[in-house]
């Protein structure tokens, strides 16, 4: 396997190999996280967590998939964990508000859109798009984000999600339809 | 004035098209330093646990040695005391009495 010497070095805990591995994957990992959370700071924290996790779990990597695929999976899992946590936080804040208890800062933290790759004139639309994506089921969200934001191929998405390419395609189509529906309702209500 | 269905459809498509224009972000240059610091920060915890375990074992061992020594010393001094009492008794009475060798359980 092409990555084998690198994997061996990483398993041995070779710090130089790990540093070059981080340099090799840092932008990809950062962008996967950014694609999910749409917040620069969160994506930075997540990317850090992903690499620490990789370092700790390197011995558990069985080499059944490519190293890159495995790293992508960890990045997706970590991002989804954060999104779930934020949703829980939002729900709790909502109930606390209902009960008349204060939950300061939660809303601001959870809904803060700060994507460095979005041009100023697209900020509002991109924010809206992420709001729509928030309503997608998890598997549709993953398929859509990896394909559309990351620009990964159908095959790469299928490997990361551990499903067939056809299933990825179907999830992407359903995700796009759902996004269209959500945006249509939004604009109709706004009009 | 309400937007027509065509206008709404156009807005939806324009919003969806934003995807095509989102540029990839750049990971911060300090990411590697942060990762290394996080890994280094989590390492001493294991060492600290190991050190605590070793320290506890040394303390227990010392306590064991000290108490064993104390028991041994007290038994010896007890034996010496009894021996001196027996010899005094021997001198006072003029009887010849054998000093028991092992007084520990008696």
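Residue numbers (the numbering used here), protein chains in the order written: chain F, -5 to 185; chain D, 14 to 119. Idealized CB from N, CA, C, for every residue including glycine. From a predicted model like this one, the values you see are computed outputs, not experimental measurements.
Relative to residue 39(F), the option among 93(D), 44(D), 53(D) whose CA is nearest is 44(D). The DSSP-derived three-state label of residue 8(F) is coil.
Assignment of beta-bridge partners to residue 33(F) by DSSP yields 108(F).
Rounded to whole angstroms, residue 64(F) and residue 55(F) show a C-alpha spacing of 8 angstroms. In the DSSP annotation of this structure, residue 39(D) is not part of any alpha helix (DSSP H), being labelled neither H nor E.
Put simply, the backbone Cα of residue 142(F) is about 26 angstroms away from that of residue 82(F). One thing to note: residue 185(F) has its Cβ within 8 angstroms of the Cβ of residue 16(D). Less than 8 angstroms separates the beta-carbon of residue 109(F) from that of residue 35(D).
At a Cβ-Cβ threshold of 8 angstroms, residue 159(F) and residue 148(F) count as neighbours.
For the options 153(F), 126(F), 157(F), the alpha carbon positioned closest to that of residue 32(D) is the one of 126(F).
Under the three-state reduction of DSSP output, residue 35(D) falls in the coil class, being neither helix nor strand. Within the stretch 15 to 33 of chain F, those residues whose Cβ lies closer than 8 angstroms to any Cβ of chain D are, in chain order, 16, 17, 20, 21, 23, 24, 25, 28. A direct Cα-to-Cα measurement between residue 2(F) and residue 78(F) gives close to 34 angstroms. Residue 71(F) and residue 62(F) have their C-alpha atoms spaced approximately 14 angstroms apart. Unbroken beta strand (DSSP E) runs of no fewer than 3 residues, entirely contained in the stretch 45 to 93 of chain F, are not found.
Each residue's CA atom was taken as its position, placing residue 88(D) and residue 80(D) some 12 angstroms apart.
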